[in-house]
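Colleague: Heads up, the sequence shown is in our numbering, so the first residue is 22 and it goes up one at a time.
Beta carbons: idealized from backbone N, C-alpha and C, even for Gly.
Treat the numbers as computed from the prediction; the structure is a model and nothing was measured.
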Amino acid sequence: MKISRGARRAAVITCASALAVHSGAARAADPLDEIVVTAARMHAPLLVVTDPQAPRQPLPAHDGADYLKTIPGFSVIRKGGTDGDPVFRGMAASRVNILLDGEQVLGGCGMRMDPPTAYVFPEAYDRIVVIKGPQTVLHGPGNSAAAVSFEREMQRFDQTGYTARASALGASFGRNDLVGDLRAGTPQVYGQLTATRAASDDYDDGAGETVHSEYERWSANAALGWTPDDYTQAELTGVRSDGEAAYADRGMDGVMFDRENVGFSFERKGLTERVTRLEARGYYNYVDHVMDNFSLRDFTPTATMPGKAVQNPDRRTTGGRLAIDLALPRAATATVGSDLQQNEHSLRATMNQDMLPYQQMPRVDDAWFRSVGFFGELNQPIGERSRAIAGLRADLWDARDERETLRSGMTVVPNPTAGAERETTLTSGFARLERDLAGQPATIFAGLGHVQRFPDYWELISAGKESVDSLSAFRTAPEKTTQFDTGFVWSGERIAASLAAFYSDVDDYILIETGYLKAPRRVTVTRNVDARTWGGEADATFALAPRWSATGSLAYTRGENRTDDRPLAQMPPLELRTGLNYTGARWSAGALWRVVTEQDRYALNQGNIVGQDLGRTGGFGVLSLNAGWRPTAGVLVTAGVDNLFDKLYAEHLSRGGAMVAGFEQTTRVNEPGRTLWLKVGASLD
């Protein structure tokens, strides 16, 4: 479906009209809790806080990336049925800093089968916090596009007791999710057990063609806490998870995603009049990942993989954080502290599992990274209605290339950077001014941020193995982003709306390019280019009547590769979402219409560590419906149909379809066709 310029203008006008009259509105007495969330919206300048346990339209998410795509500005690069890579404003991977309970969790796969969000079942967390742009220094290094934190919140029990909740979801294509959470405690101690399971068969696209996409993932989380008083909390946590997943975009599937995690945190409030809070945490995370070309698909010999091939990468990550909240003169507050993260990656592989099992192969280290950061962030009120927020950060980076050899085509050659080490100090900072408008439920803001980002493992070692002038990309320069953010937030009785716009200038943008000519061969390289991006998001809700509301959101990003004088790759097209919702005392219903325009600005074979541009895409529109019913307190039943008209479409940001025996090869990995779903949730206090 090609969308004309007139339709684009209509989409913009529709959302602008919604912004002019947006609301979160008066309801009848004792209404049903809000069932429909068409797009998590910005409630404060550049801040989105959303409840992943709240009912959601469309189909409830089964991993972190799937949930983030409901937030305006986010996209997901599809590879199969699960484990998509989140993209914010066209920026992917380490440009979006992902934290799980304050920990940086890094996947093991060199080809991004397991981004950090793959280890997230959203409903196991209490809230998701998104900070747009380089407008914080508190959440680790390198967040040039955004910082995302998946958080649990365990509070002290007033008296001995427990809470429990569970949910079950069934959907088309054999999709089934199970979640259980039990929390029990006394005023002195508490415990939590959370278990999740998510599985699906291969899905069909809108043309009825089956996509190689089945998966099964499970996780078990446990926490034990000590709360001797209202000001002290210590907690020990443990996580174990595993799974398998089929991928339609490559020649191998993931047959093991074994993760082990142990964490410890301590918090003390009210130490002194000036020191209001102390936070300390440490963690250990180990990911053992196996991929092969035969367990989840029919084995078909190819020129590059003539036998049963297996790769077994792993990554060991340790880290910690110490932070202090301060109350300063003139009502100012500040947070100062330090964080540490170290990770090492290794790999073992075989090209013939029958003759040379990978289990008997030695692990070979290929890279080691360490960062030590120091940060401080200040919030200073200015008069009664304004405030200035600013922060500075310095990160000391160390990295070592531990590869002795490299593969150049079919030949193994010495690595020119074998044993090489890099040491550098990178700085980041921001300053933002916010002002509440007199007599209006509105806040306007403007901020300038700068982030220097060290290249990640995939940019230096895995995805772009070579640079333009070397067989190794290990010397790739850090990326430097300077960005201006501005907008407003409106929270009235009948209207709630926000607008966030940005302009970003990136020096030494790290570009991954496939098919780059290094005579006489074409290779994948990591390059530094200068780039520029701009765009923004708008969202709105308008109360049509006490129980009726309309919602809308609009997101757009445009990018330029200034070095090559062409569009910057992997930029999402203009996207509009509009919804109509009814919320009654026991019943709810809603409709979501998602419209995406064509994208004719692309850079063939250029992109990032997640994917490259494949060419132009046409526009599409998808309609989804849902309903909810609360038969009794603590029980909620929701149901829906996504892609009601069984539309055949693929997102512009998608991996290319691979040739998988028994499946039709497509240019991109097509999205699911019509999907029916039903979810039942219950809670008990």
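Assign L317 to one of three DSSP states: helix, strand, or coil.
Modeller: L317 falls in the coil class under three-state DSSP.
Colleague: Taking contact to mean at least 3 C-beta pairs separated by less than 8 Å, is the region 177 to 187 in contact with the region 688 to 705?
Modeller: Contact holds: three or more Cβ-Cβ distances are below 8 Å.
Colleague: Is it the case that the Cβ atoms of F563 and I516 are separated by a distance below 9 Å?
Modeller: Yes, Cβ-Cβ distance for F563 and I516 is below 9 Å.
Colleague: Determine the extent of the alpha helix (DSSP H) in which Y252 is found, giving its start and end residues.
Modeller: Here Y252 belongs to no alpha helix (DSSP H), and DSSP marks it neither H nor E.
Colleague: By Cβ distance below 8 Å, which residues in the same chain neighbour D313 in space, the five residues on each side in sequence not counted?
Modeller: M273, D274, V276, K329, A330, V331, Q332 and Q374.
Colleague: Contact between the region 458 to 472 and the region 417 to 435: three or more CB pairs below 8 Å?
Modeller: Judged by Cβ distances under 8 Å, the region 458 to 472 makes no contact with the region 417 to 435, as fewer than three pairs qualify.
Colleague: Between which residues of its own chain and K717 is the CB-CB distance below 8 Å, once the five residues before and five after are set aside?
Modeller: Here the chain comprises residues numbered 22 to 706, so residue 717 is not present and cannot be evaluated.
Colleague: With a threshold of 6 Å on Cβ separation, who are the neighbours of M372 within its own chain once the five nearest residues in sequence on each side are excluded?
Modeller: Answer for M372: G328 and A330, listed in chain order.
Colleague: So what's T687 in DSSP terms, helix, strand or just coil?
Modeller: Reduced to three states, the DSSP call for T687 is coil.
Colleague: Starting from the N-terminal side, write out each stretch of the beta strand (DSSP E) that is 3 residues or longer and does not extend beyond the region 557 to 593.
Modeller: Taking only runs of at least 3 residues, the beta strand (DSSP E) segments lying wholly in the region 557 to 593 are 569 to 582.
Colleague: Going by DSSP, what residue range makes up the beta strand (DSSP E) through G284?
Modeller: G284 -> beta strand (DSSP E) spans D274 to K290.
Colleague: May I ask you to list the residues that DSSP assigns as paired with D226?
Modeller: DSSP, once it has assigned bridges, lists P693 as partnering D226.
Colleague: Thinking C-alpha only, which one of E300, V308, D270 and A243 is nearest Y140?
Modeller: Among E300, V308, D270 and A243, the Cα nearest to that of Y140 belongs to V308.
Colleague: Any contact between the region 479 to 487 and the region 501 to 510? By contact I mean 3 or more CB pairs, one from each, below 8 Å.
Modeller: These segments do not touch.
Colleague: What is the C-beta distance between A352 and P402, in whole angstroms, given that I count them as a contact (C-beta under 8 Å)?
Modeller: Rounded, the Cβ-Cβ distance is 5 Å, consistent with contact.
Colleague: Taking L67 and A521 to be in contact with their CB atoms under 8 Å, please state how far apart those CB atoms are, rounded to whole angstroms.
Modeller: Confirmed, about 6 Å.
Colleague: Restricting to Cα atoms, I'd like to know which of L121, G128, V151 and Y146 is closest to F109.
Modeller: Of L121, G128, V151 and Y146, the residue nearest in Cα terms is V151.
Colleague: Using DSSP with H/G/I as helix, E/B as strand and the rest coil, what is Y623?
Modeller: Three-state DSSP puts Y623 in coil, outside helix and strand.
Colleague: Using a 10 Å radius around the Cβ and a threshold of 16 neighbouring Cβ atoms, would you call G206 buried or exposed?
Modeller: Under this definition G206 is a buried residue.
Colleague: Do you know offhand how far Y236's Cα is from D250's?
Modeller: Going from the Cα of Y236 to the Cα of D250 covers about 44 Å.
Colleague: Please report the straight-line C-alpha distance between A301 and L214, rounded to a whole angstrom.
Modeller: Those two C-alpha atoms are separated by around 23 Å.
Colleague: Rounded to whole angstroms, what is the Cα-Cα separation between R548 and P593?
Modeller: Near 21 Å, if we compare the C-alpha coordinates of P593 and R548.
Colleague: Straight-line CA distance for D360 to G303?
Modeller: One C-alpha to the other measures close to 10 Å.
Colleague: Kindly give me the distance between the Cβ atoms of T356 and L159, rounded to whole angstroms, as I take these residues to be in contact under 8 Å.
Modeller: Confirmed, Cβ separation roughly 6 Å.
Colleague: Classify A682: buried if its beta carbon has 16 or more other beta carbons within 10 angstroms, exposed otherwise.
Modeller: So A682 ends up on the exposed side.
Colleague: Classify F466 as buried or exposed, calling it buried when 16 or more other Cβ atoms lie within 10 Å of its own Cβ.
Modeller: Buried, by the Cβ-count rule.
Colleague: Could you please give me the residues that DSSP links to G123 through a beta bridge?
Modeller: For G123, which the question treats as bridged, DSSP gives no partner whatsoever.
Colleague: Just to confirm the assignment, what range does the alpha helix (DSSP H) spanning G85 have?
Modeller: Start and end: G85 to L89.
Colleague: Skipping 5 residues on each side, what residues in its chain have a beta carbon closer than 6 Å to that of N242?
Modeller: Contacts found: T215 and V260.
Colleague: Within 8 Å, do at least three Cβ pairs link the region 438 to 447 to the region 411 to 422?
Modeller: Touching, yes, given that three or more Cβ pairs across the two stretches are closer than 8 Å.
Colleague: Is Q374 helix, strand or coil when you go by DSSP?
Modeller: DSSP places Q374 in coil when its eight states are reduced to three.
Colleague: Below 8 Å on the Cβ atoms is my contact criterion, and I expect D106 with A113 to pass it. Report the Cβ-Cβ distance as a whole number of Å.
Modeller: With 8 Å as the limit, D106 and A113 qualify as a contact, their Cβ atoms being about 6 Å apart.
Colleague: Using the beta-carbon count (16 or more within 10 Å), is G655 buried or exposed?
Modeller: Classification for G655: exposed.
Colleague: Go ahead and label Q176 buried or exposed: buried means 16 or more other beta carbons lie within 10 angstroms of its beta carbon, across all protein chains shown.
Modeller: By the 10 Å Cβ count, Q176 comes out exposed.
Colleague: When the Cα atoms are used, what is the spatial distance from D147 to I119?
Modeller: Roughly 16 Å separates the two Cα atoms.
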